[in-house]
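Here the protein sequences line up with chains A and B, keeping their order. Per our numbering, the first sequence runs over residues 33 to 509. Per our numbering, the second sequence runs over residues 81 to 574. This report concerns only the one structure given below.
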Amino acid sequence: MLFNSFSFGFFLIITYLLYWLIFNRNIKVRNLFILAASYFFYGFWNWKLLILIVIVSATDFIFGALVHKEERTARRKLYLASALIINLGILGFFKYCNFFIDSFYSLLHLFGSSASFTPLNIILPVGISFYTFQGLSYVLDIYYRKFEPTKDVVAFFAFLSFFPQLIAGPIERARDLLPQFSMPKEFDYDSARKGLFLIAVGLFKKIVIADRLAIYVDSVYGNVANVHGLPALMAAVFFTFQLYLDFSAYSQIAIGTARLFGFKLSTNFNKPYLATSFKDFWARWHITLTNWFRDYLYFPLGGNRKGKIRTYINVIIVFTVSGLWHGASWNFVIWGFLNGIFLAVFDKAFHLNPKNVLAKIGSCLFVTAMWGLSLVFFRAGTFADALTMFGNLGFGNASDLLNHGFDKIEFNFTLCLLGGLMLIELLLKNRQEKVEDFFFNKFFPLRWIVYFTLILATIYLGVYGVGSDNTFIYFQF
Amino acid sequence: MAKQNMYSNNKAKGKNIQNKPVTKAKRPWWVLAIKFLFLFAVVVSIVIYTDAKGYFEPDQSNNHTTRKWDSFYKFTEKDTVDVVLVGNSHCYAGVNPKNLSAALGANCFVLASPSTTIMDSYYCLKEALERTHPTVAIIETYGISNSVNHELKAGGLSEQFKSYNARKNLPMKLASMPVLFSPEYYIPAWSKTIRNHDFIFRDRKQIERNIEQSQHKHRKKDNRLYLGRFVSFTTGIEDSTMAKYDSLGAPVDGTKREVNNENIKYVQKIVDLCREHNVTPVFVTLPMYYRHIENYPAWKKTVASVLEPTGAAWLDLQEPYDTATFDRNCFENTMDPNQHMTYTGSLRGAYKIAHFLVDSLKVDLPKRNKTTHWNDLFYGEEGYFENYPSRDNDATNVLIFKNKAFNGIEIADCLMIKGKDRNTVFVKVKKGTANATPANRIRLLAVLQYKGHRINTNLECARQLDYDPFNHYLYAIPLLKEAELLDVLEVTEL
Numbered sequence: 033m034l035f036n037s038f039s040f041g042f043f044l045i046i047t048y049l050l051y052w053l054i055f056n057r058n059i060k061v062r063n064l065f066i067l068a069a070s071y072f073f074y075g076f077w078n079w080k081l082l083i084l085i086v087i088v089s090a091t092d093f094i095f096g097a098l099v100h101k102e103e104r105t106a107r108r109k110l111y112l113a114s115a116l117i118i119n120l121g122i123l124g125f126f127k128y129c130n131f132f133i134d135s136f137y138s139l140l141h142l143f144g145s146s147a148s149f150t151p152l153n154i155i156l157p158v159g160i161s162f163y164t165f166q167g168l169s170y171v172l173d174i175y176y177r178k179f180e181p182t183k184d185v186v187a188f189f190a191f192l193s194f195f196p197q198l199i200a201g202p203i204e205r206a207r208d209l210l211p212q213f214s215m216p217k218e219f220d221y222d223s224a225r226k227g228l229f230l231i232a233v234g235l236f237k238k239i240v241i242a243d244r245l246a247i248y249v250d251s252v253y254g255n256v257a258n259v260h261g262l263p264a265l266m267a268a269v270f271f272t273f274q275l276y277l278d279f280s281a282y283s284q285i286a287i288g289t290a291r292l293f294g295f296k297l298s299t300n301f302n303k304p305y306l307a308t309s310f311k312d313f314w315a316r317w318h319i320t321l322t323n324w325f326r327d328y329l330y331f332p333l334g335g336n337r338k339g340k341i342r343t344y345i346n347v348i349i350v351f352t353v354s355g356l357w358h359g360a361s362w363n364f365v366i367w368g369f370l371n372g373i374f375l376a377v378f379d380k381a382f383h384l385n386p387k388n389v390l391a392k393i394g395s396c397l398f399v400t401a402m403w404g405l406s407l408v409f410f411r412a413g414t415f416a417d418a419l420t421m422f423g424n425l426g427f428g429n430a431s432d433l434l435n436h437g438f439d440k441i442e443f444n445f446t447l448c449l450l451g452g453l454m455l456i457e458l459l460l461k462n463r464q465e466k467v468e469d470f471f472f473n474k475f476f477p478l479r480w481i482v483y484f485t486l487i488l489a490t491i492y493l494g495v496y497g498v499g500s501d502n503t504f505i506y507f508q509f
Numbered sequence: 081m082a083k084q085n086m087y088s089n090n091k092a093k094g095k096n097i098q099n100k101p102v103t104k105a106k107r108p109w110w111v112l113a114i115k116f117l118f119l120f121a122v123v124v125s126i127v128i129y130t131d132a133k134g135y136f137e138p139d140q141s142n143n144h145t146t147r148k149w150d151s152f153y154k155f156t157e158k159d160t161v162d163v164v165l166v167g168n169s170h171c172y173a174g175v176n177p178k179n180l181s182a183a184l185g186a187n188c189f190v191l192a193s194p195s196t197t198i199m200d201s202y203y204c205l206k207e208a209l210e211r212t213h214p215t216v217a218i219i220e221t222y223g224i225s226n227s228v229n230h231e232l233k234a235g236g237l238s239e240q241f242k243s244y245n246a247r248k249n250l251p252m253k254l255a256s257m258p259v260l261f262s263p264e265y266y267i268p269a270w271s272k273t274i275r276n277h278d279f280i281f282r283d284r285k286q287i288e289r290n291i292e293q294s295q296h297k298h299r300k301k302d303n304r305l306y307l308g309r310f311v312s313f314t315t316g317i318e319d320s321t322m323a324k325y326d327s328l329g330a331p332v333d334g335t336k337r338e339v340n341n342e343n344i345k346y347v348q349k350i351v352d353l354c355r356e357h358n359v360t361p362v363f364v365t366l367p368m369y370y371r372h373i374e375n376y377p378a379w380k381k382t383v384a385s386v387l388e389p390t391g392a393a394w395l396d397l398q399e400p401y402d403t404a405t406f407d408r409n410c411f412e413n414t415m416d417p418n419q420h421m422t423y424t425g426s427l428r429g430a431y432k433i434a435h436f437l438v439d440s441l442k443v444d445l446p447k448r449n450k451t452t453h454w455n456d457l458f459y460g461e462e463g464y465f466e467n468y469p470s471r472d473n474d475a476t477n478v479l480i481f482k483n484k485a486f487n488g489i490e491i492a493d494c495l496m497i498k499g500k501d502r503n504t505v506f507v508k509v510k511k512g513t514a515n516a517t518p519a520n521r522i523r524l525l526a527v528l529q530y531k532g533h534r535i536n537t538n539l540e541c542a543r544q545l546d547y548d549p550f551n552h553y554l555y556a557i558p559l560l561k562e563a564e565l566l567d568v569l570e571v572t573e574l
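Listed below in structure tokens is the structure:
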């Protein structure tokens, strides 16, 4: 059940009505209802995979309690290790099994072996990377004595499977989200209204812009060898925006949906393409994942406390692992590694942090361009495709620009949308609260015009329907 | 700042009232729900408006499915359909309903639509039975497969949308929606705007045509009798395709044909539905060219395992295969597995079915051809003149002569039918009067009126159909609209 599907629309309306009409009168009953709705939402894809969520939830709940009770360090470590092994074991088996076996055989080939490998038929459970990481953060926080475990098993299971953020985050910390399951919920009109608005904006970004960009990007990346010059470059630029719009749209819909039910989720994106340094960029891009890796990998590795060289190494390790988290392929590993290098080299070595406006614009473009180039590895099907794509990037062959799914009108329309989006982000920078206050409280005709424009534009100008692949990019992770 | 705003400064106004926080009254969740509903209602109204205006209507020049249902509802306002046929493209390509009607002397209607499943056929039949009371329901068996409606992709789904849109019974459509579509397609099933909104970028010319059409308020009404015929193919299998059969073999393998439980369930539901309505269900397998399919017995076994338990009659025209009737002219020229019948095939298919109903099943159909109403309705339509005599007082068509003999050729009727774009000369030769093997063509020495000139000329008429049950061989030749046949002086066989 995708957020941008009619099924989800029906599901959300029914769940919302039942929630506020019937189930919100008692906390336990409410949590049970959220759990049931979340399992229904997940089971809609494949009900058999629900068993994995149950196993992960039970593991983290039990080991969280054991780690908390136990005073002996060795035992605590043992319990933590058990939780890590079960969580990462499940993730590793379902996501990385074929990758590791394939890599092993490739290594053997280097030594002259001719052994071959048939990939195992393993389904990748949707959202597995997200809910295992969310579950792990619960046990890790208890281990580090930052958080006390809950005794409410239903609340915990609901926390780990909360449908707005189950599939692709934001990856919430137990200390932020879990207590919200123990509090009575009173309907907050303003918050819910903003939630609905976020959903509408998210759907517009996903359906009208990101999925439109996907037409061009898919056309070029599906035929990498034969696309040269400007069309290839345009596809790289378009994918840079597609990924951002796709994922930030998902996060906005998730946050908006949670608000309808009285829950607050963490911000996941904050205008990343206005970042003026790589450090700044990662403080704005997929914030909850960045924070997860910072807290549970970068800091335990020593962070920046062990000298410059070690800091750089730690950064590169964290980003390489983050790349692997994204996908079981060397392309993702390289993508992560490259971003680690960018952060370590450009930010640390050259202290890229400009003060004047022109330099700011320059560094903003530089950061976005480097990020966009690294995304060629992210998007290309294989390592060879990525290299071919790099080889084909250029400014020539402009006449081929309109041979990839867009006619002139659609191409210009897409450019206008991207220009408009960046302009809005620029205008909102540092004044978001003021603008929101004006928009939601002061001038209702503007508000309603925006509502209608967003919805009608999504209906009439969106890319959806029979034959369209509208899956969110991050669902594959 | 925000805190300051929360308090009203009454002291400043000189009033001796204690400062109290002024908080917004809490609005309950249903206020948001009502506003959302309002927004939703306006948006839905706009979508319904563009739907009603037909701005996102796909090209309608080939939309025979909608035409079928429109015509069915119009026809059943006054008349009863005696034989209703459902199925997919094999059904409407393989049976000409007017020829079937003429042969049976009854009203036959094809309600088949392209690429649809047996589940769709069930709901089509169900809606048809709510509207009329047929004696026989014919179900083409090609739709009995392992298709699942909820798994239909682009092409099949589009056709399913068309079939669904064409139907008119609202409660029945609602009831069938969960079976025919996955929840994702509930809304697209109802709205062409939602389905075809991408015309804005992909087919703007179609939108322009639609807008132009929507401005023409008075459209011409089509009053011609339409019983669901749709001719997709007019020419038969060519030599090059015959050569491919030699080199590549048959493109269809009967062993690969499967039927799933859902299809079995709906076959039984169709039979039960028919029995509830006191209708005789007849399953018909229309043929593909015999060289187009291999291992047909395996396919037949699969279909038989589904049909036999129902106890319904089954006419399988694929096996035993009638090579004399279904020659290569009866089939679409293709190596695609999905081979349809041509116009010629549809005539022969119709007469084969007519024979089966009358001779084998002995179905008791109302003798509508005894009534003036029926004859008025069908007079001059396809199949009529093969089976019934022309009228002396034919106002539309020109009867040249009746019951005349030339060189031992006894002619029952010779008439000119006036068509929209052309005229056609029909010559009905009585069977058994000419040679034992009928000539493929006859020559008429005709007197024509053409642009004010009276001329004598030879017209070579081709034999239309050599398949019994007619009492006549039918020969025909098209004429220009401006040409009019005045007389025939001589008839010879060629």
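Cβ atoms here follow ideal geometry from the backbone N, Cα and C, with glycine treated the same way.
Neighbour list for residue i in chain B, Cβ cutoff strictly below 8 Å
| i | result |
| --- | --- |
| A/GLU442 | PHE281 |
Helix, strand or coil at residue i [DSSP, three-state]
| i | result |
| --- | --- |
| A/ALA391 | helix |
| B/ARG523 | strand |
| B/SER130 | According to the sequence provided, residue 130 of chain B is Thr. The question's Ser does not apply to it. Looking at B/THR130 - three-state DSSP - the assignment turns out to be helix. |
| A/PHE72 | helix |
| B/ALA404 | coil |
| A/PRO151 | coil |
| B/THR221 | helix |
| B/PHE481 | strand |
| B/TYR553 | strand |
| B/GLU462 | coil |
| A/GLY261 | strand |
| A/VAL171 | helix |
| A/HIS318 | coil |
| A/THR352 | helix |
Given residue i as reference, the closest of the options once Cα atoms are compared
| i | options | result |
| --- | --- | --- |
| B/PRO469 | B/TYR222, B/LEU441, B/VAL443 and B/LYS510 | B/LYS510 |
| B/LEU495 | B/ASP456, B/PHE152, B/VAL332 and B/LEU524 | B/LEU524 |
| A/LEU230 | A/GLY288, A/LEU112 and A/GLY121 | A/GLY288 |
| B/ARG337 | B/LYS349, B/TRP394, B/ILE373 and B/ILE497 | B/ILE373 |
| A/ASN63 | A/PHE93, A/VAL99, A/GLN212 and A/SER89 | A/GLN212 |
| A/SER169 | A/SER431, A/ALA267, A/LYS303 and A/ASP92 | A/ASP92 |
Residue i: contacting residues in chain A (beta-carbon distance under 8 Å)
| i | result |
| --- | --- |
| B/ARG289 | Near B/ARG289 there are no residues of chain A at all, since even the closest Cβ is about 18 Å away, more than 8 Å. |
| B/PHE116 | LEU228 |
| B/TRP109 | TRP52, PHE219, TYR221 and ALA224 |
| B/ILE274 | ILE491 and GLY497 |
Amino acids of chain B, ordered along the chain, whose beta-carbon sits closer than 9 Å to that of residue i
| i | result |
| --- | --- |
| A/SER39 | SER262, PRO263, GLU264 and TYR266 |
Amino acids of chain A, ordered along the chain, whose beta-carbon sits closer than 9 Å to that of residue i
| i | result |
| --- | --- |
| B/LEU112 | PHE219, TYR221, ALA224, ARG225, LEU228 and LEU292 |
Chain-ordered chain B contacts of residue i [CB-CB under 7 Å]
| i | result |
| --- | --- |
| A/TYR483 | LEU119 |
| A/LEU488 | VAL123 and ILE126 |
Pair within 8 Å by beta-carbon distance, residue i and residue j
| i | j | result |
| --- | --- | --- |
| A/GLY334 | A/THR352 | no |
| B/VAL127 | B/ILE274 | yes |
| B/ALA378 | B/GLY334 | yes |
| B/LEU119 | B/ALA434 | no |
| B/ASP493 | B/PHE458 | no |
The stretch 291-304 of chain A / the stretch 181-199 of chain A touching (three or more Cβ pairs under 8 Å): Flag = yes, the stretch 291-304 of chain A and the stretch 181-199 of chain A touch.
At least three beta-carbon pairs within less than 8 Å, the stretch 186-204 of chain B to the stretch 477-490 of chain B: By the Cβ rule, the stretch 186-204 of chain B does not count as touching the stretch 477-490 of chain B, because fewer than three pairs are nearer than 8 Å.
Inter-stretch contact at 8 Å, needing at least 3 Cβ pairs: the stretch 44-56 of chain A / the stretch 234-245 of chain A: Here the stretch 44-56 of chain A makes no contact with the stretch 234-245 of chain A; the two share fewer than three CB pairs at distances below 8 Å.
Cβ contact check for the stretch 310-318 of chain B and the stretch 357-364 of chain B: 3 or more pairs under 8 Å: No, the stretch 310-318 of chain B is not in contact with the stretch 357-364 of chain B.
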